[in-house]
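Asks:
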Ligand SMILES: Nc1ncnc2c1ncn2[C@@H]1O[C@H](COP(=O)(O)OP(=O)(O)OP(=O)(O)O)[C@@H](O)[C@H]1O
Ligand SMILES: [Mg+2]
C-alpha cells in the first residue's frame, strides 16, 4: 500500500510532526498505518510509549540503512499506509526509503534559506527516483505556518512553483496542539482541551493536510492505471 516518506536535509523543519499528524488522521478515518521511525533519536517511538496511541497506528522502531528496504516492503504488505520519518542529517537511508516510496514530502518554512535546502532535497529525490526507475512524486509542504501568510511566504512559494516545484495545497499551521502530542501522547482528540487551546482549529488543519496527501496519492493511482 502507499509509502510516504518525509525527508529534508535541514533539521527541525517538521518532518516528525508532519508524519505523526498524517498517521493520526489516516488512522482516525479507519485505516491501518505503519509509522517507520527512521531517526536515531526515535521521536515517534517515544510518542508511542506514551498513553493513548490509537490501536491502528503501529510504530516500527530500530530500523537502519541495512534493514530499511525490507522494513518498508514488509510494512507495505501488511498496512494500508506506510509513513517513513527520516532524520535531518543526510545519510543513505534517504536513498533506500525514496526508492520504495510513492510520495516524498519535503517540509519547509517560508524562508529563502529553507527554500534552497528544500529544493535541493527535492532534486536529490528526483535523481534517486530516476536512478532506481521508480515513479516517485516529490512535493514541498509549508509547515509551522502562521495564521496570516506573510508576503515573504507568498514570494517563496510562487518563486518555487515558477521553478517547477510542487507544493501540497495545504500548509501545516504552527499549533501548540501539534507540539503537545509529543508530551501527552495520543491524538488530537485525546489532548486535554483545558491545557491545550485551539484544538478544533488544529484538527481541522490536520484533516485538510491529510486530505491533500490522499488527493495526490489518488491522482498518482489514476495516472498509473
Ligand atoms: N506545525 C507545528 N506547530 C508547532 N510546533 C511545531 C510544528 N511542527 C514542528 N513543530 C515543533 O518544531 C520542532 C521540530 O519539529 P519536528 O521534530 O517535527 O521536525 P523534524 O524535521 O522532524 O526535526 P529533525 O530534523 O530533528 O528530525 C519540534 O519542537 C516540534 O514540536
Ligand atoms: Mg524528526
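In the working numbering, the protein residues as written are 320 to 544.
By construction, the Cβ of each residue, glycine as well, lies at the ideal position given by its N, Cα and C atoms.
Regarding residue 463 and ligand 2, is the C-beta to nearest heavy atom distance less than 6 Å?
Replies: no
Asks: From this set, 384, 383 and 401, which residue's C-alpha is nearest residue 377's C-alpha?
Replies: 401
Asks: Looking only at C-alpha atoms, which of 507, 405 and 321 sits nearest to residue 395?
Replies: Among 507, 405 and 321, the Cα nearest to that of residue 395 belongs to 321.
Asks: Counting only the same chain and skipping the five closest in sequence on each side, list residues whose C-beta sits under 6 Å from that of residue 526.
Replies: In its chain, beyond the 5 residues on either side, 344 have a beta carbon closer than 6 Å to the beta carbon of residue 526.
Asks: Where residue 441 and residue 435 are concerned, what is the direct C-alpha to C-alpha distance, given to the nearest angstrom?
Replies: 10 Å
Asks: Near ligand 2, which residues have their beta-carbon closer than 7 Å to a heavy atom?
Replies: 334, 335, 358, 362, 404, 406 and 407
Asks: For a quick check, are the C-beta atoms of residue 455 and residue 423 less than 7 Å apart?
Replies: yes
Asks: Check whether the Cβ atoms of residue 426 and residue 539 sit closer than 7 Å, and answer yes or no.
Replies: no
Asks: Enumerated in chain order, which unbroken segments of the alpha helix (DSSP H) with a length of 4 residues or greater are wholly contained in the region 361-426?
Replies: 362-368, 387-397 and 412-417
Asks: Is it the case that the Cβ atoms of residue 501 and residue 459 are separated by a distance below 7 Å?
Replies: no
Asks: Using DSSP's beta-bridge definition, name the partner residues of residue 461.
Replies: 427
Asks: Does residue 515 pass the burial test, meaning 16 or more other C-beta atoms within 10 Å, or should it be called exposed?
Replies: Classification of residue 515: buried, given that the 10 Å Cβ count is 16 or more.
Asks: So who's on the other strand from residue 550, going by DSSP bridges?
Replies: The structure shown does not extend to residue 550, since the chain spans only 320 to 544, so no value can be given for it.
Asks: Could you have a look at residue 354 and say whether DSSP puts it in helix, strand or coil?
Replies: strand
Asks: Residue range of the beta strand (DSSP E) that residue 322 falls in?
Replies: 322-325
Asks: Between the region 364-380 and the region 407-416, do three or more beta carbon pairs fall short of 8 Å?
Replies: no
Asks: Ordered along the chain, which non-local residues of its own chain (more than five positions away) have a Cβ less than 6 Å from that of residue 528?
Replies: 489 and 491
Asks: Using the Cα positions of residue 449 and residue 341, report the straight-line distance between them to the nearest angstrom.
Replies: 26 Å
Asks: Give me the residue from 373, 337, 360 and 364 with the minimum Cα distance to residue 351.
Replies: 373
Asks: Any heavy atom of ligand 1 closer than 6 Å to the beta-carbon of residue 503?
Replies: no
Asks: Should residue 535 go down as buried or exposed, given a rule of 16 or more other Cβ atoms within 10 Å for buried?
Replies: buried
Asks: So the alpha helix (DSSP H) residue 473 belongs to, where does it begin and stop?
Replies: Looking at the DSSP string, the run of the alpha helix (DSSP H) that includes residue 473 is 470-481.
Asks: Taking residue 501 as part of the alpha helix (DSSP H), name the residues at either end of that continuous run.
Replies: For residue 501, the enclosing alpha helix (DSSP H) covers residues 495-503.
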